[in-house]
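Student:
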Amino acid sequence: MLNSLPFTLSALSEAYAQGLSPMDVIEEVYARLERIGDPHIFIHLCDKATLLEQAKALGAYNQDMPLWGIPYAVKDNIDVAGIDTTAACPAYAYHPSDDAFVVAKLRAAGGMMVGKTNLDQFATGLVGLRSPYGAPLNSIDPAIAPGGSSAGSGVIVGHGAVAFSLGTDTAGSGRVPAALNNIVGLKPTLGTLSASGVVPACRTLDTVSIFAPTVDDAYAVYAVARGYDETDAYSRDFPAEPLTGASPSLRIGIPDAASIRFFGDTAQEQAFARDVGRLVTMGAEVEEIDFKPLYDIAAMLYEGAWVAERHTVIAGLLGRDPETVHPVTRQIIGHAETLTADDAFNGFYRLADLKREAAPILAGLDMLCVPTIPDFATVEELQADPIAPNNRMGTYTNFVNLMDMCGIAVPTAPRSDGRPGSVTLLAQAGHDARVASVAREFERNCPRNMGATPFALLEPATLPTKDTDRFELAVCGAHMTGLPLNSEMTKLGGRFVRSAKTSAHYKFFALAGGPPARPGLVRSTGSGTGSVALEIWSLPKTAVGEFIVGIPAPLAIGTVELSDGTWVKSFVCEAAGTVGAQDITDVGDWRNYISEHVRPV
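Take any residue in the sequence shown, count from 1 to its spot, add 2: that is its number in the numbering used here.
1) Can you tell me whether Arg253 is buried or exposed? The criterion is at least 16 other CB atoms within 10 Å of its CB, across all chains shown.
2) Would you mind giving the Cβ-Cβ distance between Asp434 and Cys408, rounded to the nearest angstrom? I have them listed as a contact below 8 angstroms.
3) Nearest to Gly522 by CA position, among Gly149, Val581, Val570, is which residue?
4) On the three-state DSSP scale, how would you describe His433?
5) Would you mind reading off the limits of the beta strand (DSSP E) that contains Val186?
6) Measure the C-alpha to C-alpha separation of Leu320 and Pro388 and round it to an integer number of angstroms.
7) Between Asp78 and His46, which are expected to be in contact by the criterion C-beta below 8 angstroms, what is the C-beta distance as a whole number of angstroms?
8) How about the segment 377-385 and the segment 133-149: do they share at least three Cβ pairs that are nearer than 8 angstroms?
9) Which residues in the same chain have their Cβ closer than 7 angstroms to the Cβ of Arg352, if we skip the five residues on either side of it in sequence?
10) Helix, strand or coil for His599 per DSSP?
11) Between which two residues does the alpha helix (DSSP H) holding Phe274 run?
12) Have a look at Ser249, Thr88, Asp40 and flag the residue whose alpha-carbon is nearest the alpha-carbon of Ile80.
13) With distances taken between CB atoms, is the gap from Pro24 to Ala75 smaller than 8 angstroms?
14) In angstroms, rounded to a whole number, what distance separates the CA positions of Met482 and Glu576?
15) According to DSSP, simplified to helix, strand and coil, what is Asn594?
16) Taking the alpha-carbon positions, what's the Ile375 to Asn400 distance?
17) If we count the other Cβ atoms within 10 Å of its Cβ and call it buried at 16 or more, is Phe166 buried or exposed?
18) For a test of the three-state rule: what should DSSP assign to Val27, helix, strand or coil?
19) Three-state secondary structure (DSSP) at Thr331?
20) CA-CA distance, Pro518 and Ala438?
21) Please state the DSSP three-state secondary structure of Ser155.
22) Using beta carbons (cut-off 8 angstroms, strictly below), is Leu384 in contact with chain C?
23) Return the CA-CA distance between Tyr297 and Thr492, expressed in angstroms with no decimal places.
24) The beta strand (DSSP E) with Trp539 in it runs from where to where?
25) Using CA coordinates, which residue listed in Ile586, Asn393, Asp585, Thr464 is at the minimum distance from Ser175?
26) Below 7 angstroms CB to CB, which residues in the same chain sit around Gly453 once its five sequence neighbours on both sides are set aside?
27) Excluding five sequence neighbours on each side, which residues of the same chain lie with their C-beta closer than 7 angstroms to the C-beta of Arg525?
28) Check the DSSP bridge columns for Arg525 and list the partner residues they point to.
29) Does the Cβ of His328 have 16 or more other Cβ atoms within 10 Å, making it buried, or fewer, making it exposed?
30) Output the residue ranges of the alpha helix (DSSP H) runs that lie fully inside the segment 350-434 and measure 4 residues or longer, sorted by chain position.
31) Just list the residues that DSSP pairs His46 with in beta bridges.
32) Where Tyr18 and Tyr63 are concerned, what is the direct C-alpha to C-alpha distance, given to the nearest angstrom?
33) Please report the distance separating the alpha-carbon of Pro202 from that of Gly552.
34) Between the beta-carbon of Phe213 and the beta-carbon of Gly169, is there less than 8 angstroms?
35) Looking at the strands, I want to know which residues DSSP matches up with Tyr224.
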């Protein structure tokens, strides 16, 4: 019986391989929707007959199409060809002739789009109640907010009527609905999922997000949907990495006792303490840090520059027909009309200051672990006060995109009161695979069902771990490939990993003395800094001591920030060693310097 089949990628693909018809799956989707009986999940539900024709057109099962026959839903601020995009505002609606970039990728992979889901209008809100199309009911408990702005996308996956859905995330809209509906919410590195064909909230901070019942499913969809899009000015080409087993030697930051916030929800506090204990059991080193700078960054999201950015999307509509905009949405975005360009730039400056303040607190950490939400908000509370409970929902989400972090919200075991547990793992841009790999460990031996369904979560497959017996080291001088001291790396078993650059906060020197000429890399907060070319090498840990013994003063091994915001061990130079040295920061690459200024010996 299809009603006993969980809609996961693995279960559906296995059933298809054994002869299940995608037409039968479409019939079951609509049967599940009828049993759910919530008319406010979708703004547009596709005609069943049309979908049955699409399912039939798929032909014979094709295992080379990773989403063959997989039903999914799309938030209605993302274009699907031939279906109105409304952003939950009928007066704004338009009729796209083309799929959004990510939808086109899902379609090419064999996915079947079931409908366009409801949302907080113009993706402004974290509660899911700000839509003229009504509010979907939380899949776990109708008294609880469904979560927004991607409300319908979270609820439909929570009910298990589709295998995954697309949302968007600016302030937490890909994570809060996940926590409230007991599902996974993957918020990728900004730019890795194209925003072409997506109605922006804040274009500089938006990303498409993915809801799924499991981490593996969310990451598999992400792997299909990602890709560089030359038509999207904010698209970024990060390398795709496979999931691996979680490293047992991670340093994970959590809010310290003085800064952690639960707003009196003791069950949430106890659940988070339990989940942090799981990290320790996994072998992670947990470090408590002061979250105040991150809270200060979070508070900026609805101030100045970023409210004004939201205003750019609907300025024309507000000018000609403001009553068509939801009253709460109008109140929030309308604040931009009191702001000036000065306010926007002052916001940018304030954000830069706060990032600088947060940097030493985050230095050396592999990732953060936070409660996805600090407490639960009920529909009744939000009807009485639509602003304050919504703001609480963003406590651990609002700072993330401003900090250019990736993250994944993963359900944990139920709380003491039966409500779903959830934590979010956060890391710097490009570390999507790392946070997902750790998130998978919360699914191991975790007693919970998937969403609101009766289907028990299955333990994820064990994956090989990265080689933890090796040590990554950045080099910026004669140890680089093809240069004279590179043999010192290779004879110890060193392997080239990748080319990289430091962040723009370094000075680079050709040190006095020699031959041979030697470079010196120094972190600086003064003027005249720049980015310096590096190579990342991997050494056996057993060889690191022998290598370090041969490093002469004033050089040393320290920790260097890369251009993607991550940190790595690297050659550095004592500041005193730069006396009499030539500043070559403007060259920024040791190879370029020696080719122009150093004669062969």
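Yeah, the Cβ is synthetic: ideal placement off N, Cα and C, and Gly gets one too.
Tutor: Taking the coordinates as given:
1) In the sequence shown, the residue the question calls residue 253 occupies position 251. Under this definition Arg253 is an exposed residue.
2) As a first step, residue 434 is located in the sequence shown; it is residue number 432 there, counting from the start. As a first step, residue 408 is located in the sequence shown; it is residue number 406 there, counting from the start. Yes, they are in contact, since the Cβ atoms of Asp434 and Cys408 sit about 5 angstroms apart, within 8 angstroms.
3) To locate residue 522, count along the sequence shown from 1; it is residue 520. Of Gly149, Val581, Val570, the smallest CA-CA separation from Gly522 is found for Val581.
4) Residue numbering aside, residue 433 sits at position 431 when the sequence shown is read from its first letter. The DSSP-derived three-state label of His433 is coil.
5) What you label residue 186 is simply residue 184 of the sequence shown in a count that begins at 1. Per DSSP, Val186 belongs to the beta strand (DSSP E) from 186-189.
6) Position 318 of the sequence shown, counting from 1, holds the residue named residue 320. Position 386 of the sequence shown, counting from 1, holds the residue named residue 388. Cα-Cα distance, rounded: 21 angstroms.
7) One-based indexing of the sequence shown puts residue 78 at position 76. One-based indexing of the sequence shown puts residue 46 at position 44. With 8 angstroms as the limit, Asp78 and His46 qualify as a contact, their Cβ atoms being about 7 angstroms apart.
8) Per the Cβ contact rule, the segment 377-385 is in contact with the segment 133-149 (3 or more Cβ pairs under 8 angstroms).
9) Against the sequence shown, residue 352 aligns to sequence position 350. Correct list, in chain order: Met302.
10) Looking up residue 599 in the sequence shown gives position 597. Here His599 sits in helix by DSSP.
11) The count along the sequence shown starts at 1 and reaches residue 274 at position 272. Residue range 268-284 is occupied by the alpha helix (DSSP H) that includes Phe274.
12) Here the question's residue 80 lines up with position 78 in the sequence shown. Comparing C-alpha distances from Ile80 to each of Ser249, Thr88, Asp40 shows the shortest one belongs to Thr88.
13) Sequence index remark: in the sequence shown, residue 24 carries index 22 (1-based). Sequence index remark: in the sequence shown, residue 75 carries index 73 (1-based). No, the Cβ-Cβ distance between Pro24 and Ala75 is not below 8 angstroms.
14) If you number the sequence shown from 1, residue 482 lands on position 480. If you number the sequence shown from 1, residue 576 lands on position 574. Between Met482 and Glu576, the alpha-carbon positions lie close to 20 angstroms from each other.
15) Position 592 of the sequence shown, counted from the first residue, corresponds to residue 594. In the displayed model, Asn594 falls within a helix according to three-state DSSP.
16) Position 373 of the sequence shown, counting from 1, holds the residue named residue 375. Position 398 of the sequence shown, counting from 1, holds the residue named residue 400. Approximately 11 angstroms between the Cα atoms of the pair.
17) As a first step, residue 166 must be located in the sequence shown, where it is residue number 164. It is buried - the Cβ of Phe166 has at least 16 other Cβ atoms within 10 Å.
18) Position 25 of the sequence shown, counting from 1, holds the residue named residue 27. Assigned with DSSP and collapsed to three states, Val27 falls in helix.
19) Stepping through the sequence shown from its first residue, residue 331 is reached at position 329. Here Thr331 sits in helix by DSSP.
20) On the sequence shown, residue 518 is found 516 positions in, with the first residue counted as 1. On the sequence shown, residue 438 is found 436 positions in, with the first residue counted as 1. Their Cα atoms are separated by approximately 45 angstroms.
21) Working through the sequence shown from its first residue, we reach residue 155 at position 153. Correct three-state label for Ser155: helix.
22) Among the protein chains of the structure shown there is no chain C, as only one such chain exists.
23) Numbered from its first residue, the sequence shown carries residue 297 at position 295. Numbered from its first residue, the sequence shown carries residue 492 at position 490. C-alpha separation (whole angstroms): 45 angstroms.
24) Residue numbering aside, residue 539 sits at position 537 when the sequence shown is read from its first letter. Element bounds for Trp539: 535-542.
25) Your numbering for residue 175 matches position 173 in the sequence shown. Among Ile586, Asn393, Asp585, Thr464, the Cα nearest to that of Ser175 belongs to Asn393.
26) Counting from one through the sequence shown, the residue named residue 453 turns up at place 451. Taken in chain order, the residues that qualify are Ser141, Val159, Gly160, His161, Gly162, Asn183, Asn184, Ile185, Pro215.
27) In the sequence shown, the residue the question calls residue 525 occupies position 523. Taken in chain order, the residues that qualify are His507, Tyr508.
28) Indexing the sequence shown from 1 puts residue 525 at position 523. Looking at the DSSP output, Arg525 shares a beta bridge with Tyr508.
29) Locating residue 328 in the sequence shown gives position 326, where the first residue counts as 1. When all chains shown are included, His328 counts as buried.
30) Along the segment 350-434, the alpha helix (DSSP H) occurs as fully enclosed runs of 4 or more residues at 381-386, 390-395, listed in sequence order.
31) Counting from one through the sequence shown, the residue named residue 46 turns up at place 44. Lys118.
32) By 1-based counting over the sequence shown, the position of residue 18 is 16. By 1-based counting over the sequence shown, the position of residue 63 is 61. Rounded to the nearest angstrom, the gap between the Cα atoms of Tyr18 and Tyr63 is 7 angstroms.
33) The count along the sequence shown starts at 1 and reaches residue 202 at position 200. The count along the sequence shown starts at 1 and reaches residue 552 at position 550. Cα to Cα, the separation comes out at about 54 angstroms.
34) For the purposes of this step, residue 213 is taken as the residue at position 211 of the sequence shown. For the purposes of this step, residue 169 is taken as the residue at position 167 of the sequence shown. Yes, they are a contact pair.
35) Stepping through the sequence shown from its first residue, residue 224 is reached at position 222. Beta bridge pairing from DSSP links Tyr224 with no other residue.
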